[in-house]
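Asks: Starting off with a structure, shown below.
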Amino acid sequence: MMFVLALVALFVGCQALAMQHLLLAEVETRVRKPNFLFIFTDDQDLQMNSPAYMPQTQSRIKDEGIEFANHFVTTSLCCPSRVSLWTGRQAHNTNVTDVSPPYGGYPKFVSQGFNDNFLPVWLQSAGYNTFYTGKLFNAHSVFTYNAPFVNGFNGSDFLLDPFTYSYWNSTYQRNHEAPRSYQGQYTTDVMKEKALGLLDDALASDSPFFVTVAPIAPHSNIDLDGVGDGASPQMTEPLPAPRHADLFPDVKVPRTPNFNPLVKSGASWVQTLELQNQTVIDYQDHVYRQRLRALQAVDEMVDALITRLEDSDQFDNTYIIYSADNGYHLGQHRLPPGKTTGYEEDIRVPFYIRGPGIPKGQKVDRVTTHIDIAPTLFELAQIPLRKDFDGTPMPVPSDQETKSILHEHVTVEFWGHTLFEGKYSNIGFEGTSKIPNNTYKSARILSKEYNLYYSVWCGNDHEFYDLSTDPYQMDNLYAKRDSVMMLGRSLQYVIDRVDALLLVLKSCQGNTCIEPWKVLHPDGSVASLKEALDPQFDVFYTIQTKVEFTACEAGYIIASEGPQVGLEYRDGLSWDAWT
Ligand SMILES: *[C@@H]1O[C@H](CO)[C@@H](O)[C@H](O)[C@H]1NC(C)=O
Ligand SMILES: *[C@@H]1O[C@H](CO)[C@@H](O)[C@H](O)[C@H]1NC(C)=O
Ligand SMILES: *[C@@H]1O[C@H](CO)[C@@H](O)[C@H](O)[C@H]1NC(C)=O
Ligand SMILES: *[C@@H]1O[C@H](CO)[C@@H](O)[C@H](O)[C@H]1NC(C)=O
Ligand SMILES: *[C@@H]1O[C@H](CO)[C@@H](O)[C@H](O)[C@H]1NC(C)=O
């Protein structure tokens, strides 16, 4: 009897224990934070339609989720753009503004303290396991990779300079191991195996994960042949995997009105470019095809990664995101291959997201930028937003309450030179492929009522385009500002407002980057360009301090960037009272 009773007690006890386990498991699955898989390409355009040539990315990410159709970068160059993305801050707040020291690159990222203070570190603190393969930053090299090692990743396998862009002779560096050469292997295929391995590691743990896969396609190839003997590295067209080498034989760069136009366009230095001859045009079409071909191995990798996730028990709890570090131009405004300008081709990039709670096949037209990505991940992971974020969560429709502040502006900034890539690129300053003084601040403003781009250059060049009537930015209205009307007013009134907005944006921090009009109108009565256009503010905007530079610098030298703060609007003041 005693024995039976004991058995019964044991049985009941076990059941209770089993119940408890079940409950715990249920609670755990319910509160487990979502995972992230972030696929991040290099120099991939949106405007020349490259994503349309990636059927897996289209059908398995874009069509299954949301396309952010007006997504912009804040600096159109790899390293500054990436540091802004990983910190959620404008480049003027990271001061990582270039690809190499003294103004940029991995060493500058480290010396600015970001190796201890960027997204993967924050996600680890929130309980995430984090993984990365591919290119992180420029000047993250065989010389700098361990000085110090990159923080924030539980597993990493980085591409290292100077071999990052050698499609057939890459060097990768895993965790704290020594760099390893993959001479003779195709880099994206090498990366695919690494990415699948890291994803397996991520899936093996019970913690939520963040996995980034950052292939170099469709960036130019860099040929290091003979560099040891004093030759300089050559940027060539990207190289596809042999199985993709013959695809798209008839495809050409879209012949938009700004492609090698008969009339000059753009800022002063762009206006010095000559009309391109057929040899150059043919070459650019070749570069375009090579870019699309190089993206095919990325598309295959996307397919493989999603399939692996589908076969796991975490597929329904994983956000899959696709984007690129900056856009690219090829012949628009007569420009040789490259990035770094503020034109649409360089600042627009694809952004797709699918995952738990995200509706299928939707398109969001609201303006979003790369500095919004870290806040977006924070919100999806239900981590409180950081005060130093210059961005705000993207409006991802989901069940949870959103802290997203809708905005109509993008701040685009650049310091230093532009670089032309590929053959026929030595047409820059003194026969080099460089043009110095490509330093500018600009505001891209986009809503249902207007679609504008305004820039101020370090040489005090100005551009103003109305993209609702001039989507290819061929007609700079700045010089015509007294004769052109816009939104029912003389254009000068619009420019005064946009310049004042740029004055705030060029040195904004945190919330002033997100709600810049509040700086100009502290009473909160104005929240958009449309509201600022009210004639009652004409005096204020006319006398407002203007954006200007006193010199062209290769980096963020604040003393050369003119006035930093302007006036605040005060009610009821007349001309006399202001002056
Ligand atoms: C990932 O790294 C973080 C930070 O070092 C650590 O706390 C965590 O335990 C690691 N995860 C695993 C599965 O080792
Ligand atoms: C390939 O990379 C290795 C270093 O990883 C280098 O020593 C070698 O010279 C490179 N080969 C070519 C053809 O560039
Ligand atoms: C076309 O222009 C390029 C670059 O300026 C030049 O190198 C080439 O010789 C030109 N070709 C012809 C056929 O004029
Ligand atoms: C670049 O700007 C500097 C300083 O503002 C000026 O001295 C120099 O002449 C400019 N160079 C070119 C090539 O325009
Ligand atoms: C940005 O970094 C450069 C290079 O170190 C430095 O000269 C400059 O003063 C810094 N700018 C600001 C605003 O801190």
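Going by mature numbering (1 follows the signal peptide of the UniProt record, and there is no 0), the letters in the sequence shown line up with residues -16 to -1, 1 to 563, in that order. Backbone N, C-alpha and C define an ideal beta-carbon position, used for all residues, glycine too. All figures in this text were calculated on a predicted structure; none of them were measured in a lab.
1. Going by beta carbon distance, what residues of the same chain come within less than 8 Å of Ala36, once the five residues before and after it are set aside?
2. In terms of alpha-carbon separation, which member of Gly72, Ile542, Leu436 and Phe335 lies closest to Asn495?
3. Return the chain-ordered list of same chain residues with a C-beta closer than 7 Å to the C-beta of Thr128, the five sequence neighbours on each side being excluded.
4. Could you name the residues, in chain order, whose CB is less than 6 Å away from a heavy atom belonging to ligand 5?
5. Can you list, in chain order, the residues of its chain whose CB lies under 6 Å from that of residue 572, leaving out five sequence neighbours each side?
6. For ligand 4, is there any heavy atom lying closer than 6 Å to the beta carbon of Ala251?
7. Which residues in the same chain have their Cβ closer than 7 Å to the Cβ of Lys530, if we skip the five residues on either side of it in sequence?
8. Can you tell which of Tyr151, Tyr166 and Pro163 has the C-alpha that lies nearest to the C-alpha of Pro224?
9. Grab me the residues of Arg164's own chain with a C-beta within less than 8 Å of its C-beta, minus the 5 sequence neighbours each way, in chain order.
10. Does the region 511 to 531 come close enough to the region 450 to 457 that 3 or more CB-CB pairs lie under 8 Å?
11. Identify whether Glu363 lies in helix, strand or coil by the three-state DSSP scheme.
12. Taking C-alpha atoms, which residue in His401, Leu486 and Phe335 lies nearest to Tyr87?
13. Looking at the structure shown, is Leu103 part of a helix, part of a strand, or coil, going by DSSP?
14. Within 10 angstroms of its Cβ, does Pro343 collect 16 or more other Cβ (buried), or is it exposed?
15. With 16 other CB atoms within 10 Å as the buried threshold, where does Lys347 fall?
16. Tell me whether the beta-carbon of Glu537 lies closer than 7 Å to the beta-carbon of Ser544.
17. Can you check DSSP and say which residues form a bridge with Arg338?
18. When the Cα of His76 is compared with those of Phe20, Thr423 and Asn135, which residue comes out closest?
19. Gly139 and Val105: beta carbons closer than 7 Å?
20. May I have the straight-line CA-CA distance separating Glu221 from Leu61, to the nearest angstrom?
21. Distance, Cα to Cα, Ala463 vs Ile498?
22. Decide if Ile542 is buried, meaning its Cβ has at least 16 other Cβ atoms within 10 Å, or exposed.
23. Whose beta carbon lies closer than 7 Å to any heavy atom of ligand 4, going through the chain in order?
24. Please decide whether Tyr434 counts as near chain D, where near means a Cβ-Cβ distance under 7 Å.
25. To which residues of the same chain is Arg273 closer than 6 Å at the C-beta, ignoring the five residues directly before and after it?
26. Which residues does DSSP pair with Gln218 in a beta bridge?
27. Under 7 Å between the Cβ atoms of Leu69 and Arg332?
28. In three-state DSSP terms, what is Met469?
29. Could you tell me whether the region 325 to 341 touches the region 18 to 29, using the rule of 3 or more Cβ pairs below 8 Å?
30. Along the chain, where does the beta strand (DSSP E) containing Thr395 start, and where does it finish?
31. Just checking Gln108 against ligand 1 - is the residue's beta carbon closer than 6 Å to any of the ligand's heavy atoms?
32. So which residues put a beta carbon under 6 Å from any heavy atom of ligand 2, going in chain order?
33. Buried or exposed for Met378, going by 16 or more other Cβ atoms inside 10 Å?
34. Just mark Lys119 as buried or exposed, buried being the case when its beta carbon has 16 or more other beta carbons within 10 Å.
35. Are the beta-carbon atoms of Tyr112 and Thr196 separated by less than 7 Å?
36. Rounded to whole angstroms, how far is the Cβ of Thr353 from the Cβ of Thr58, which I believe are closer than 8 Å?
Replies: Judging by the given coordinates:
1. For the purposes of this step, residue 36 is taken as the residue at position 52 of the sequence shown. These residues qualify, in order along the chain: Gln42.
2. Taking the first residue of the sequence shown as 1, we reach residue 495 at position 511. It is Gly72 whose Cα lies nearest to the Cα of Asn495.
3. Looking up residue 128 in the sequence shown gives position 144. For Thr128, where only same-chain residues beyond five positions count, the Cβ hits under 7 Å are Tyr90 and Pro91.
4. Asn79, Pro86, Tyr87, Gly539, Tyr540, Ile541 and Ile542
5. In the structure displayed, the chain extends from -16 to 563; residue 572 sits before or after that span and is not available.
6. Reading the sequence shown from its first residue, position 267 is the one you call residue 251. No - ligand 4 has no heavy atom lying nearer than 6 Å to the Cβ of Ala251.
7. The sequence position of residue 530 within the sequence shown is 546, counting from 1. These residues qualify, in order along the chain: Asp483.
8. Locating residue 224 in the sequence shown gives position 240, counting from the first residue. The option with the nearest alpha carbon to Pro224 is Tyr151.
9. Taking the sequence shown and counting its residues from 1, the one referred to as residue 164 is at position 180. Excluding sequence neighbours, Arg164 sits near Thr155, Tyr156, Gln157 and Arg158.
10. no
11. Taking the sequence shown and counting its residues from 1, one reaches residue 363 at position 379. Glu363 falls in the helix class under three-state DSSP.
12. Taking the first residue of the sequence shown as 1, we reach residue 87 at position 103. Looking from the CA of Tyr87, the closest CA among His401, Leu486 and Phe335 belongs to His401.
13. Within the sequence shown, the letter at position 119 stands for residue 103. Looking at Leu103 - three-state DSSP - the assignment turns out to be helix.
14. Locating residue 343 in the sequence shown gives position 359, where the first residue counts as 1. Counting Cβ neighbours within 10 Å, Pro343 comes out exposed, since fewer than 16 surround it.
15. The residue given as residue 347 occupies position 363 in the sequence shown. With fewer than 16 Cβ atoms within 10 Å of its Cβ, Lys347 is classed as exposed.
16. Taking the sequence shown and counting its residues from 1, the one referred to as residue 537 is at position 553. Taking the sequence shown and counting its residues from 1, the one referred to as residue 544 is at position 560. Result yes, Cβ atoms of Glu537 and Ser544 sit closer than 7 Å.
17. Walking along the sequence shown from the start, residue 338 turns up at place 354. DSSP lists Ile304 as partners of Arg338.
18. Locating residue 76 in the sequence shown gives position 92, where the first residue counts as 1. Comparing Cα positions, the closest option is Thr423.
19. Taking the first residue of the sequence shown as position 1, residue 139 is located at position 155. Taking the first residue of the sequence shown as position 1, residue 105 is located at position 121. Cβ atoms of Gly139 and Val105: not closer than 7 Å.
20. Position 237 of the sequence shown holds residue 221. Position 77 of the sequence shown holds residue 61. Rounded to the nearest angstrom, the two C-alpha atoms are 18 Å apart.
21. Counting from one through the sequence shown, the residue named residue 463 turns up at place 479. Counting from one through the sequence shown, the residue named residue 498 turns up at place 514. If I take the Cα positions, the gap works out to 30 Å.
22. One-based indexing of the sequence shown puts residue 542 at position 558. Exposed, since its Cβ has fewer than 16 Cβ neighbours within 10 Å.
23. Any residue whose Cβ sits closer than 7 Å to a heavy atom of ligand 4 makes the list: Phe413, Pro420, Asn421, Cys442, Gly443, Ala535 and Cys536.
24. Going by chain labels, chain D is absent from the structure shown, which holds only one protein chain.
25. Taking the first residue of the sequence shown as position 1, residue 273 is located at position 289. Once the five neighbours on either side are set aside, the close Cβ partners of Arg273 are Phe232 and Val235.
26. Residue mapping note: residue 218 aligns to position 234 of the sequence shown, counting from 1. Paired residues: Asp207.
27. The count along the sequence shown starts at 1 and reaches residue 69 at position 85. The count along the sequence shown starts at 1 and reaches residue 332 at position 348. It is not a contact, given that the beta carbons lie outside the stated cut-off.
28. Translated into the one-based positions of the sequence shown, residue 469 becomes position 485. DSSP places Met469 in strand when its eight states are reduced to three.
29. yes
30. On the sequence shown, residue 395 is found 411 positions in, with the first residue counted as 1. Looking at the DSSP string, the run of the beta strand (DSSP E) that includes Thr395 is His393 to Phe398.
31. As a working mapping, residue 108 is identified with position 124 in the sequence shown. Correct: Gln108 has its Cβ closer than 6 Å to ligand 1.
32. Those residues are Phe147, Asn153, Thr155, Ser165, Gln167, Leu208 and Asp209, given in chain order.
33. As a position in the sequence shown, residue 378 is number 394, starting the count at 1. Under this definition Met378 is a buried residue.
34. In the sequence shown, residue 119 corresponds to position 135, counting from 1. Counting every other CB atom within 10 Å of its CB across the protein chains shown gives Lys119 a total of 16 or more, marking it as buried.
35. Position 128 of the sequence shown holds residue 112. Position 212 of the sequence shown holds residue 196. No, these two residues do not count as a Cβ contact at 7 Å.
36. Position 369 of the sequence shown holds residue 353. Position 74 of the sequence shown holds residue 58. Right, their Cβ atoms sit about 6 Å apart.
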